[in-house]
Amino acid sequence: MLAVPRAAGCASNGGVAVAFFAWIGLDDGAAIHERVGTAVEGGVAFFPSYAWQVVFVPIFTVAMLVTFHVVLRTRRASWTRTLFTAGLACYIVAVGLDYLEGRVGAYDHVASFLGVPLESVSHYSRVVEEFFEDFGASLILVALLRHLLFTVGSIRLSVVNRSESGAEG
Numbered sequence: 002m003l004a005v006p007r008a009a010g011c012a013s014n015g016g017v018a019v020a021f022f023a024w025i026g027l028d029d030g031a032a033i034h035e036r037v038g039t040a041v042e043g044g045v046a047f048f049p050s051y052a053w054q055v056v057f058v059p060i061f062t063v064a065m066l067v068t069f070h071v072v073l074r075t076r077r078a079s080w081t082r083t084l085f086t087a088g089l090a091c092y093i094v095a096v097g098l099d100y101l102e103g104r105v106g107a108y109d110h111v112a113s114f115l116g117v118p119l120e121s122v123s124h125y126s127r128v129v130e131e132f133f134e135d136f137g138a139s140l141i142l143v144a145l146l147r148h149l150l151f152t153v154g155s156i157r158l159s160v161v162n163r164s165e166s167g168a169e170g
């Protein structure tokens, strides 16, 4: 893929967004934040939910604010800003649901009120939390792709079948 920038320096701070999404991908597969949370659990006993939130929520907040700053600088991009803001809101809801899930007894009243087992409530809460997280990531990625299209003059993607072009590989 070849991207031709319109102006020098147009991708400043864009590396933060790339690093953030690389981290999200690695973390989803390797559960890094859960492992770090387990390692620091004793040191943050004051926190009523998962220990990873004390460590990573401030880091994620800074990464999102820097990325949002990059998106805000885009001209003619109100739709891009809207997508990014909606994605960010989805992430906030997901972290809030994760916070509730980590609190002991957070869903007891809901399960009692609905007359269903606690496991059912916590299961569906996790499903809803994952939906918000994934949907938020999708919205933010679309916003960042739109930002890329506003930032560069052109993008050309070439797909070549090496076996038909005579090259071996």
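Per the numbering used here, the sequence shown runs over residues 2 to 170. Ideal Cβ placement from N, Cα and C applies to all residues, glycine included.
Could you check whether residue j and residue i sit closer than 8 Å to each other, using their CB atoms as the reference points?
i: Val72; j: His148; result: yes
i: Leu140; j: Cys91; result: yes
i: Tyr51; j: Asp99; result: yes
i: Arg104; j: Pro49; result: yes
i: Phe61; j: Leu89; result: no
i: Val55; j: Val45; result: yes
Buried or exposed: residue i, going by 16 or more other Cβ atoms within 10 Å of its Cβ?
i: Glu35; result: exposed
i: Trp80; result: exposed
i: Phe21; result: buried
i: Gly38; result: buried
i: Thr83; result: exposed
i: Asn162; result: exposed
i: Ala85; result: One detail in the question is off: residue 85 reads as Phe in this sequence, not Ala. The residue is buried, with at least 16 neighbouring Cβ atoms inside 10 Å.
i: Val160; result: exposed
i: Ser164; result: exposed
i: Val122; result: buried
i: Glu130; result: buried
i: Glu120; result: exposed
i: Thr152; result: buried
Tell me, to the nearest whole angstrom, how far the beta carbon of residue i is from that of residue j; I am working on the premise that it is less than 8 Å.
i: Val17; j: Ala64; result: 6 Å
i: Leu115; j: Ala107; result: Leu115 to Ala107, Cβ: 14 Å. No contact.
i: Ile25; j: Ala112; result: Ile25 to Ala112, Cβ: 31 Å. No contact.
Let me make sure I understand the geometry here. Which of the options has the alpha-carbon closest to that of residue i?
i: Phe132; options: Arg74, Asn162 and Ile93; result: Ile93
i: Val58; options: Leu27, Val96 and Gly43; result: Val96
i: Asp28; options: Val67, Trp53, Val129 and Val41; result: Trp53
i: Val19; options: Val41, Phe47 and Leu142; result: Leu142
Mind checking if residue i is an interface residue toward chain E, Cβ cutoff 8 Å exclusive?
i: Arg127; result: Any reference to chain E falls outside this structure, which holds one protein chain only.
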